[in-house]
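Its first residue numbered 1, the sequence shown is counted upward by one per residue in the UniProt record's numbering.
Here a beta-carbon is modelled for each residue, glycine too, at the ideal position from N, C-alpha and C.
Keep in mind it's a predicted model, so treat the numbers as computed, not measured.
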Amino acid sequence: ENGNTTLLGKTLKPAIVRKSKLVVVDLAGSERINKSGSEGHTLEEAKSINLSLSALGKCINALAENSAHVPVRDSKLTRLLRDSFGGTARTSLVITVGPSPRHRGETSSTIMFGQRAMKVENMLKIKEEFDYRSLSRKLEIQLDKLIAEHERQQKVFQDEIERIALEAQERVDEVEQNYADALEKEKLKYQKDYMESVRRSNTEPTMLLALGEVAEIKQKLHNEIALRKAAEAEVDNLENQLMHWKNTENARNAEFLKLRKRLEDEEQQKAKLEDEIELLQSQLLQISFEADESRRNLDRGLSGEIPSPVDSLTPESNHQEPRESGNGEKTSMVKLFEQVGLHKILSLLESEDADVRIHAVKVVANLAAEESNQERIVEAGGLASLLTLLRSSTDETIHRVAAGAIANLAMNETNQELIMSQGGISLLSLTATKAEDPQTLRMVAGAIANLCGNDKLQGKLRAEGGIRALLGMVRCKHPDVLAQVARGIANFAKCESRASTQGTKSGRSVLIEDGALPWIVQNANNEASPIRRHIELALCHLAQHEVNAKEMINGGALWELVRISRDCSREDIRALGQRTLKSSPSFQVELKRLRIDCG
C-alpha cells in the first residue's frame, strides 16, 4: 500500500475511485391556508410542507448569520440536505416567483430566502478512495505469470541438462570405441612385427633391430596409457559438471520455494496492514468529523477563534459555550489515545495516502487545542512533523489544518520560541503568500497572531517576514481572516507599547513603518465587532508612544481615537482611549486646534 516494488521491479499503486451522489429536491412553495382553503388531508399535508420549509429557512438563516447552532435535525428535509448547505457538496438553488400582486408576500419572502441562501458558503471536496481489489487482482495475475515463467524456465533447464548428459555419454562411448579400435590395431601390428622379428632372429643385427622395435612399442604403450587416463579424467570432469548442474537446479528450486513462502508472508502482512489502516481510517474519520463539528461550532460562536493575550479583555462568559461543546471531542481524544497512541498518530503524518495524512493532521490539530496535550505532542516530534508537512505538501487542506495545529501549539510561550527556532515563521509567511483559500489564510493568520503576542520575538517576526505576511493577508477581505489580522496587529502593538514603556524600544512603530496605519484607520469602525475591537485596541496602544503621534494625526487616526473615547461599546477600551488622548501632548495640541473637547 506504500508503493513497495515487486520482484519485477515495477511499482504497483492502487487505482483511485471517485464517488459522488446527486440529490435533486423539488421544494414545494409555502401555502397559506386562508388563500388555498385547504381542508382535511390536504390541510395536514400543507402543514407538514410549511413546517419543513420553515426548518429549512431556519438553517439557511443560521448559516447566513454564522450562528453557533444550525438546527439541521428539526426535519427530514434539512437532514437530507445537510451536505448541500454549509457542507461539502456543490449546490444550486432555483427559486420561482409569481407576478400576481395577490401573492406579493410569498414573492417577497421567496426572494429574501434566495438572498440569504446566497450567503452560505460550501467547502467543496472530491471524495476519492483507493481500489485495493483491483490491486489484489493485479498481484494475483503477476504471481500466476511468475509461476508460469518459472515452470517454463525449469523445463528448459531440465531439457538442457538431458541434452548435455546425452552428449557427454556419446562422447565417452566414442572415445572408448576409438581406444579399443586403436588398441586392437596396435596389437595386430605388434604381433605381425613380432613374427617378422622371429624370422629374422638368426642374425645379430636382426636381434638389435628387434630390441629397438620393442622399446618403441613400449613407448607407444605408455603413450596410449596416458591417453586413456586423459580420457578417463575428461569423463570424470563431465560427470562432475553434470552433478554441479543438478545441485544448481536443486538450489534454484529451494530458492523459488523460499521466495514463494516469503511472498505469501508478505501478502498476509499486507492484509493485516490493510485491516489496521482501515481501522485507523475509520477512527480518524470519526474523530476528524467530531473535531470539524466542534471547530465549526467554535468558529461560529466566537469571532476570535484562537485565544491570545489580546483576548483577555473578553468576558469569561463568552468562552463557556465552546468549552461545553468540546466535551464530546475530549472524550473522543481520550479514546484515540488509549486505542492508537500518540506516536502512531504522528507516524500517519508521513503516510503516502493523502486522506490518511489529512485526517491524521486534523486529529493532531484538535489534540493540540488542549494545553495538557501540547507538551506531549512537541516531545514526540509533532511540531517538527507539522512544519515538515507545511514545507513539503502542496495540498491546500493539509496546509489549512497544519497551520491550525501550529496556531494551537503557538498559544504556549515555550512552543512559540521552538516554532521560531525551527523556521516556522518563514514557512507560515510563505504559505500565506501562496494560499488563496480563506480558511487557510485564517489559520495562518491565527498562528502569526499568537506569535505576535510574545515580547521576545518582535525583532525576529519582522526580520523573517511575519509582519509583512500578516499585512499581506488583508487582500482576502474575508471577515474571519481580517479578524485574525487585526488580532495580530493588536498583539504586536501591545508588545511594542510595553517595550516603549520599559525603555527597551525607541523610534516609530514597526507597523507604521510597514504601512499598516492606513488599513488600521480604514477598519477602525468596521461592522464586524471582532475586527473593530482589535483595531481599536491597536490604535490605543500605538497612540501611547509619543513618537507615533505625528503620523497618526496625519493619517486620520486622531478622529478614530476621539470616536473610541466617546462611543466605544467596550468600557475598558473606551477608558484606555481617554487616558491615551489625555496623556499625549501632541494629541492635546491638535484637539485644542480643532476645538474638540474630549472631557
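Residue i classed as buried or exposed, judged by whether at least 16 other C-beta atoms fall within 10 angstroms
i: residue 620; result: Only positions 1 to 599 of the chain appear in this structure, which leaves residue 620 out of reach.
i: His-244; result: exposed
i: Met-195; result: exposed
i: Asn-66; result: exposed
i: Gln-578; result: buried
i: Asp-480; result: buried
i: His-222; result: exposed
i: His-464; result: Position check: residue 464 holds Glu in this sequence, whereas His was assumed. Flag for Glu-464 reads buried.
i: Ala-483; result: buried
i: Arg-533; result: buried
i: Gly-326; result: Below a pLDDT of 50, predicted positions are generally treated as unreliable, and Gly-326, at 48, falls in that range; the measurement from the model is reported next regardless. With 16 or more Cβ atoms within 10 Å of its Cβ, Gly-326 is classed as buried.
i: Pro-530; result: buried
i: Glu-527; result: exposed
i: Asn-548; result: buried
i: Ile-16; result: exposed
i: Glu-174; result: exposed
i: Asn-366; result: buried
i: Gly-488; result: buried
i: Gln-374; result: buried
i: Val-25; result: exposed
i: Ser-509; result: buried
As assigned by DSSP and simplified to three states, the class of residue i
i: Asp-131; result: strand
i: Lys-13; result: coil
i: Gln-18; result: Before going further, note that residue 18 is Arg rather than Gln in the sequence given. Reduced to three states, the DSSP call for Arg-18 is strand.
i: Leu-81; result: coil
i: Pro-518; result: helix
i: Ile-95; result: coil
i: Ile-406; result: helix
i: Pro-71; result: coil
i: Ser-351; result: coil
i: Thr-88; result: coil
i: Met-123; result: coil
i: Gln-169; result: helix
i: Arg-570; result: coil
i: residue 643; result: The first residue shown for the chain is 1 and the last is 599, placing residue 643 beyond what the model contains.
i: Lys-505; result: coil
i: Asp-437; result: coil
i: His-222; result: helix
i: Thr-397; result: helix
i: Ser-584; result: coil
i: Asp-181; result: helix
i: Lys-47; result: helix
i: Met-411; result: coil
i: Arg-595; result: coil
i: Gln-544; result: coil
i: Asp-275; result: helix
i: Ser-36; result: helix
i: residue 636; result: Outside the shown range of the chain (1 to 599) lies residue 636, about which nothing can therefore be said.
i: Asn-373; result: helix
Nearest-angstrom beta carbon gap, residue j and residue i [assumed within contact, 8 Å]
i: Ala-469; j: Ile-448; result: 7 Å
i: Val-23; j: Leu-81; result: 7 Å
i: Leu-471; j: Phe-492; result: Rounded, the Cβ-Cβ distance is 10 Å, inconsistent with contact.
i: Gly-466; j: Ile-425; result: 5 Å
i: Asn-553; j: Ser-586; result: According to the sequence provided, residue 553 is Ile. The question's Asn does not apply to it. Indeed they touch by this definition, with Cβ atoms about 7 Å apart.
i: Lys-220; j: Glu-186; result: 7 Å
i: Leu-263; j: Ile-164; result: Not confirmed; about 32 Å, so no contact.
i: Ala-402; j: Leu-389; result: 5 Å
i: Thr-580; j: Gln-544; result: 6 Å
i: Ser-537; j: Ile-573; result: The residue you asked about is not Ser; residue 537 is Leu in the sequence shown. With 8 Å as the limit, Leu-537 and Ile-573 qualify as a contact, their Cβ atoms being about 6 Å apart.
From the options, residue whose alpha carbon lies closest to that of residue i
i: Glu-224; options: Asn-178, Gln-191 and Glu-350; result: Asn-178
i: Leu-135; options: Lys-13, Thr-96 and Glu-232; result: Lys-13
i: Phe-113; options: Arg-570, Asn-61, Ala-445 and Glu-267; result: Asn-61
i: Ala-384; options: Ala-89, Asn-366, Ala-524 and Asn-415; result: Asn-415
i: Thr-397; options: Ala-360, Gln-115 and Gly-556; result: Ala-360
i: Asp-74; options: His-343, Leu-51 and Arg-90; result: Leu-51
i: Asn-247; options: Arg-137, Arg-171, Ala-226 and Gln-158; result: Gln-158
i: Leu-257; options: Asp-131, Leu-576 and Leu-146; result: Leu-146
i: Ala-368; options: Ile-358, Asn-412, Arg-391 and Thr-394; result: Asn-412
i: Gly-29; options: Glu-571, Gly-98 and Gln-115; result: Gly-98
i: Arg-376; options: Ser-393, Arg-391, Ile-345 and Glu-352; result: Ile-345
i: Arg-18; options: Asp-26, Ile-111 and Glu-129; result: Glu-129
i: Ile-217; options: Tyr-190, Glu-267, Glu-496 and Glu-232; result: Tyr-190
i: Gly-353; options: Arg-104, Glu-274 and Met-118; result: First, the residue type needs correcting, since residue 353 is Asp and not Gly in the sequence shown. When only C-alpha atoms are compared, the closest one is Glu-274.
i: residue 654; options: Leu-63, Ala-89 and Asn-450; result: There is simply no residue 654 to check, as the chain begins at 1 and stops at 599 in what is shown.
i: Met-443; options: Asn-454, Leu-428 and Gly-453; result: Leu-428
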